[in-house]
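Residue numbers (our numbering), protein chains in the order written: chain A, 115 to 331; chain B, 116 to 301. C-beta: ideal position from N, C-alpha, C; glycine also. Fair warning: this is a prediction, and the values are worked out from it, not measured in the lab. Taking it in order: structure first as C-alpha cells, then the write-up.
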Amino acid sequence: MTLALYVPTGSPVHRAPAGAKLLTLVAVSVVVFAVPTLPVVGGVLAAVVLVGLGVARLPPALLGRQVRAVLWWLVALAIVTGVVGGVAGAALVVLRLLALVLAAAVVTATTRVTELVAVVEWLCSPLRVFGVRPARIGLLIAMTLRFIPLVAERAERIREAQAARGGTVRGIRAWTTTAVPLLVQVLQMAHTTAEALDARGADDDAPPARPPSRGRR
Amino acid sequence: MKTRDLAYVALFAAITAVLGLVPAIQVGPVPITAQTLGVMLAGSVLGARRGFLALLLFLVLVAVGLPLLASGSGGLSVFAGPSGGYLYSWPIGAFVVGLITELSWSRYNLGWALLANVVGGIVVVYAIGIPFLALYGDIPLAAAFTGSFAFLPGDAVKAVVASLVAVQVRRAYPVIERPRRAAASQ
Numbered sequence: 115m116t117l118a119l120y121v122p123t124g125s126p127v128h129r130a131p132a133g134a135k136l137l138t139l140v141a142v143s144v145v146v147f148a149v150p151t152l153p154v155v156g157g158v159l160a161a162v163v164l165v166g167l168g169v170a171r172l173p174p175a176l177l178g179r180q181v182r183a184v185l186w187w188l189v190a191l192a193i194v195t196g197v198v199g200g201v202a203g204a205a206l207v208v209l210r211l212l213a214l215v216l217a218a219a220v221v222t223a224t225t226r227v228t229e230l231v232a233v234v235e236w237l238c239s240p241l242r243v244f245g246v247r248p249a250r251i252g253l254l255i256a257m258t259l260r261f262i263p264l265v266a267e268r269a270e271r272i273r274e275a276q277a278a279r280g281g282t283v284r285g286i287r288a289w290t291t292t293a294v295p296l297l298v299q300v301l302q303m304a305h306t307t308a309e310a311l312d313a314r315g316a317d318d319d320a321p322p323a324r325p326p327s328r329g330r331r
Numbered sequence: 116m117k118t119r120d121l122a123y124v125a126l127f128a129a130i131t132a133v134l135g136l137v138p139a140i141q142v143g144p145v146p147i148t149a150q151t152l153g154v155m156l157a158g159s160v161l162g163a164r165r166g167f168l169a170l171l172l173f174l175v176l177v178a179v180g181l182p183l184l185a186s187g188s189g190g191l192s193v194f195a196g197p198s199g200g201y202l203y204s205w206p207i208g209a210f211v212v213g214l215i216t217e218l219s220w221s222r223y224n225l226g227w228a229l230l231a232n233v234v235g236g237i238v239v240v241y242a243i244g245i246p247f248l249a250l251y252g253d254i255p256l257a258a259a260f261t262g263s264f265a266f267l268p269g270d271a272v273k274a275v276v277a278s279l280v281a282v283q284v285r286r287a288y289p290v291i292e293r294p295r296r297a298a299a300s301q
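Below is the structure:
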C-alpha cells in the first residue's frame, strides 16, 4: 500500500530540515496574500516551480497531478473573480492558488512522514501545560494506522453477514443497520486495545512501578 | 487522558479515514463525501474534547502526507487550497456536536441528536468554510454561500444518519458518562 506521498530523490531540498521547509511554506502563504500584485505572486509561483522541478528534481507529472486536483477550483474561481475584478483579478487568484498548492506539494513530496511527525510533536510541546504529553502523539498515530484496516474489515464482515441473512436494505436504513453494530464492535476493540496497552504500562504518568521482587534473586 | 481515551480518539480518526473510502459524488470543485459523518459521529459518541482531538489527529495525519481524504488526496496542499476552511472547521464542528451532546446527555434523544449534528456538523462547518473560500478566492461572500448550497441535501442526510446511529449507540455502548461531573473529578 503506497500510503505516503513522499518522493525520494535525495536532493538538497529533501535534506533540508522539515521545520525550515514548513516555515518557508508559511512565509509563501503570507507573502501571496499580503502583497497581492501580479509580479510578486507570479514570481513566487515561478520560484516554487523552479525549486520543485529544478532543485528537488520532482517528476513534473507529480506537480501536474496537483494542478489537476484543483482544476475545477481554478475554473470556478477564475469565472467568478473575472466577472467581479476583470482579467487581472482572475489571473491573480489563479496564480496565488497554484503557488500555494504547489509549494505545499513540494514540501509534502520532499519530507518524510516521520520528520513531519517530529515537527508536530515539537509544536505540541507547549501543550504540556495543559497535560498533553507530546510523546503520546506517536502512539496515537500508530493506533490510528492500525485501526484503519481493522475498521474497514469489520464493516465488510458485517455487510457480508447481513447479506448472508438475505437482508438487502437500501438508503438511510442501510447505513444505520451497518453503522450501529460496527461502532459497538470497534468501540469494544478500542477498549480492549487500551487495556492491553495499560497492562504493558502505557498509562503511567510516573515511570512504571518497580517489577515485583519475587522473580529476582 | 487515559489510554482508553487515546484509543477512542485514534479510533474515530480511523473511522473518518475509512469513511473516505465511500465513493464520493463530485459536484463541481468539491466532492460530497461521507467524511463529515465522521465529524458528527466523533462528537456524538465521544463528546466535545475527545471528538475535537479525533478530528485534529485525522487532520494531522492528512497534513503529514497520508492520502486519507475522500479523493485519495492528502499532504499540505489540501490545507492551502480554497476548500481548506472546511477541513479546519472539522475539529471545531466535532467539538460543538460533542458539547451539545454532553449538555443534553441525561435527556438525549433523536431531537437533541439532530440539533447537535446540524449545529456542529453543518452550521459550524459552513460558518468557517464559506468565509475562508470567499477570502481566499476574492469572491463575494454571497457567491460562496450560494455555491455551497449544493452540499446541503447531502449534509442533511448525514445529520439524520449520524443522529439515528448516535441514539442507538448511546443505548448499546455509552462512552460519555455523566460528562460534567466526570470531567471535574479527574
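Item: Cβ pair V220 of chain A, V162 of chain A closer than 8 Å; Value: yes
Item: Straight-line gap, R210 of chain A to R273 of chain A (C-alpha atoms, nearest Å); Value: 45 Å
Item: Helix, strand or coil at I286 of chain A according to DSSP, with G and I counted as helix; Value: helix
Item: DSSP-derived helix/strand/coil call for I255 of chain A; Value: helix
Item: Within 7 Å of chain B by C-beta, residues of the region 176 to 192 of chain A in sequence order; Value: Q180, A183, V184, W186, W187, A190, L191
Item: Alpha-carbon spacing of D120 of chain B relative to V300 of chain A, whole angstroms; Value: 14 Å
Item: Minimum Cβ-Cβ distance from P294 of chain B to chain A less than 8 Å; Value: Note that P294 of chain B scores a pLDDT of 47, beneath 50, so its modelled location is shaky and nothing firm can be said.
Item: Within 7 Å of chain C by C-beta, residues of the region 136 to 155 of chain A in sequence order; Value: The displayed structure is made up of protein chains A and B, and chain C is not among them.
Item: Under 8 Å (Cβ pairs) to chain A, residues found in the region 262 to 277 of chain B; Value: G262, V272, V275, V276
Item: H128 of chain A at chain B interface by Cβ criterion, 8 Å; Value: no
Item: Cβ-based neighbour list, A163 of chain B, same chain, cut-off 7 Å, excluding 5 preceding and 5 following; Value: F210, G213, L214, E217
Item: 8 Å contact criterion, which T151 of chain A and G252 of chain B should meet: CB distance rounded; Value: About 17 Å; that fails the 8 Å criterion.
Item: Whole runs of the beta strand (DSSP E) within the region 198 to 268 of chain B, excluding any shorter than 3 residues; Value: none
Item: Member of A:G252, A:W187, A:P295 whose CA lies at the smallest distance from the CA of A287 of chain B; Value: A:P295
Item: Closer than 8 Å to chain B by CB, W236 of chain A; Value: no
Item: Cβ-based burial, V201 of chain A [other Cβ within 10 Å; buried from 16]; Value: exposed
Item: L230 of chain A versus V121 of chain A: straight-line alpha-carbon distance, rounded; Value: 14 Å
Item: Closer than 8 Å to chain B by CB, R250 of chain A; Value: yes
Item: G275 of chain A, buried or exposed, once every other Cβ within 10 Å from all chains shown has been counted against 16; Value: Contrary to the premise, residue 275 of chain A reads as Ala rather than Gly in this sequence. With fewer than 16 other Cβ atoms within 10 Å, it is exposed.
Item: Nearest-angstrom Cβ-Cβ length linking T123 of chain A and L172 of chain A, presumed shorter than 8 Å; Value: 7 Å
Item: DSSP three-state assignment for I147 of chain B, whether helix, strand or coil; Value: strand
Item: I286 of chain A at chain B interface by Cβ criterion, 8 Å; Value: yes
Item: Stretch-stretch touch, CB-based, cutoff 8 Å, three pairs: the region 233 to 250 of chain A with the region 189 to 197 of chain B; Value: no
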